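Undergrad:
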Amino acid sequence: MMAFSQPRSAYVHIPFCHRRCFYCDFPVVPLGDRADGATSHSVAQYLEWLEQEISSSPPGPPLSTVYIGGGTPSLLNPLQTARLMALLNRQFGLAPGAEITMELDPADGCAERLEGYHGAGVNRISLGAQSFDNSLLASIGRRHSRQDIESTVALLNREGLFRWSLDLISGLPGLTPALWETTLDQALSLAPPHVSLYDLTIGEGTVFDRWLEQGRLSLLPSATTAAMLDRAAQRLDAAGLRRYEISSYALPGHACRHNRTYWGGGHWWGFGMGAASSVAGQRLTRPRTRAGYQAWLHGPRDGAHPPASTRARLEDLLITGLRRSEGVNRRQLAQQCPLPPEALMTLSPRLKRDCAQGLLCCEGPYLRLSQPQGFRLSNQVLADCLLWVEDLFAPGGAAHDTSLAAPV
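So the mapping is simple: our numbering equals the position in the sequence shown, first residue as 1, plus 7.
1. Using only CA atoms, which one of Arg27, Ser71, Thr72 lies nearest to Thr79?
2. So, with DSSP's three-state summary, where would you put Phe424?
3. By the three-class DSSP mapping on this structure, what secondary structure does Thr72 have?
4. Grab me the residues of Asn327's own chain with a C-beta within less than 7 Å of its C-beta, minus the 5 sequence neighbours each way, in chain order.
5. Taking the alpha carbon of Ser229 as the reference point, which residue from Leu182, Ala302, Glu110 has its own alpha carbon closest?
6. Ignoring anything shorter than 3 residues or poking outside the stretch 16-75, list the beta strand (DSSP E) runs there in chain order.
7. Does the distance from the C-beta atom of Thr213 to that of Tyr18 stay below 9 Å?
8. Going by the DSSP bridge assignment, what does Ile147 pair with across the sheet?
9. Classify Val286 as helix, strand or coil using the three-state DSSP reduction.
10. Specify, as a first and last residue, the run of the beta strand (DSSP E) that Arg250 falls within.
11. Go ahead and pull the three-state DSSP assignment for Thr231.
12. Need the endpoints of the beta strand (DSSP E) that Phe278 sits in, please.
13. For the candidate residues Arg318, Gln364, Leu366, Thr72, whose alpha-carbon lies nearest to that of Leu394?
14. Using CA atoms only, rank isn't needed, just tell me which of Pro307, Asn84, Asp40, Ala406 is closest to Ala51.
15. Counting along the chain, where does the alpha helix (DSSP H) carrying Ile156 start and finish?
16. Can at least three beta-carbon pairs, one atom from the stretch 353-367 and one from the stretch 285-305, be found at a separation below 8 Å?
17. Give the DSSP-derived three-state secondary structure of Gly104 in the structure shown.
18. What did DSSP end up calling Ala246 once you bin it into helix, strand or coil?
19. Any idea what DSSP makes of His261, helix, strand or coil?
20. Would you grab the beta carbon distance between Ala114 and Arg153 for me? Rounded to a whole angstrom, and I think it's under 8 Å.
21. For Gly247, collect the residues of the same chain with a Cβ closer than 7 Å to its Cβ; drop the 5 residues on either side in sequence, then sort them by chain order.
22. Does the beta-carbon distance from Met92 to Gly178 come in below 9 Å?
23. Alpha carbon to alpha carbon, how far is Ile75 from Ile132? Give it in angstroms, no decimals.
24. Considering only the alpha carbon of each residue, which of Ala350, Arg383, Leu101 lies closest to Gly404?
25. Once the 5 residues before and after Ile156 are set aside, which same chain residues still bring their CB inside 6 Å of it?
26. Quick check on Arg375: does DSSP put it in helix, strand or coil?
27. Put Ser355 into one of helix, strand or coil per three-state DSSP.
28. Per DSSP, which one or two residues make a beta bridge with Gly77?
29. Between the stretch 249-266 and the stretch 197-205, do at least 3 Cβ pairs fall closer than 8 Å?
30. Leaving out five residues on either side along the sequence, give the residues of the same chain with a beta carbon under 6 Å from the beta carbon of Arg331.
31. Throw me the rounded Cβ distance for the His265 and Thr72 pair, which I believe falls under 8 Å.
32. According to DSSP, is Arg90 part of a helix, a strand, or is it coil?
33. On the DSSP bridge assignment, give the partners of Asn2 in chain order.
34. Name the two residues that bound the continuous beta strand (DSSP E) containing His201.
35. Here's a check: name, in chain order, each residue in its chain whose Cβ is nearer than 6 Å to the Cβ of Gln59, leaving out the five neighbours to either side.
36. Do Leu325 and Leu346 count as a contact pair if the criterion is CB distance below 9 Å?
Next comes the structure, spelled out in structure tokens:
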């Protein structure tokens, strides 16, 4: 039987935003450009719902990380944020030195607001820059400008109250290699201690999805976006930002501890509309609409997935673990699932080919994606990993071979 530790992390979803970005398929509620969380009845009501959900959760150990995401959490004012943090502290407690991250729209950056968030307990800011080109920002539905990014970063550095991260998106329509180089110049000129770099993903039902179907949108060739990501990896590494996960780069000591919970196979509380949680080996996904979330709170709280099978647990640990630069220890994976200790030590022909092609590195029990080739072609390698797991659990596969158990 698998043993599970109690969560020491919590994700809180604040779905409200001023407007939905053209590529976004997250569970969000646009309120308009003039919206203010302090005067919005919708925000006040949602915070009451969050209080109901958090207060009805079983107590657990103090939280080591909290991530307030969205949406645009910076629609909350500092008092609302303090109320939320006090609620989490009352229900679970906060461990000394806990990492408390909040996503921030650069248009919301001002000294008074940042000081208020710090007073509420926030000590890390994830700044959704995405691009530094004002025309490009407008073309993807963002309301902030390059000037907003620069002024907010100046405040973050001047106040010295926060660790912070910068988000960038490659592959945006209209982005050229020259403009991408300028983007990297502008980003690095701000000396970010952490950068999250994402390739454009177009969600189903989004504005970009409709434009793509109508022939109104042209996407960059995959070879171009791959070259942009490789160039970014080179530039960030040269600036001392080490790639510790497929999409994440950080100076020493600045990796996001909360996200490491996800990638390391840990467990976490999830609260709010559309949030997912992983508690005691069971995943739970909340409804993605306000009406659905409200009904879920006051009715049977379905949405729970059955406890993960050994195979599903292995697939999850393998796929998330290989996102990290250090990869996975196959003997530890076998212990976590649990499986015979040597069950994962023989690779499939596909994975051996990936090793021969320099996409995958196999060093004793350790398995990791190479940089940059393996990270660039990670979808191919991870698909090969899933086929390997399928073979392991087929009749006669190594997962059933008791001769691979450790000697007594």
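Glycine residues also receive a C-beta, built at the ideal position from the N, C-alpha and C atoms. Values in this document were obtained by computation on a predicted structure and should not be read as measured data.
TA: For this structure:
1. Arg27
2. Residue 424 lies beyond the range of the chain shown here (8 to 415); nothing can be said about it.
3. strand
4. Position check: residue 327 holds Thr in this sequence, whereas Asn was assumed. So the list reads Tyr269, Trp270, Gly272, once near-sequence residues are dropped.
5. Leu182
6. 16-21
7. no
8. Answer is none; Ile147 lacks a bridge partner.
9. strand
10. 249-252
11. helix
12. 276-278
13. Arg318
14. Asn84
15. 153-166
16. no
17. strand
18. coil
19. coil
20. About 12 Å; that fails the 8 Å criterion.
21. Leu258
22. no
23. 10 Å
24. Ala350
25. Pro113, Ala136
26. strand
27. coil
28. Ile21
29. yes
30. Glu252, Trp270
31. 4 Å
32. helix
33. With the chain covering 8 to 415 only, the question about residue 2 has no answer from this structure.
34. 201-206
35. Leu304
36. no
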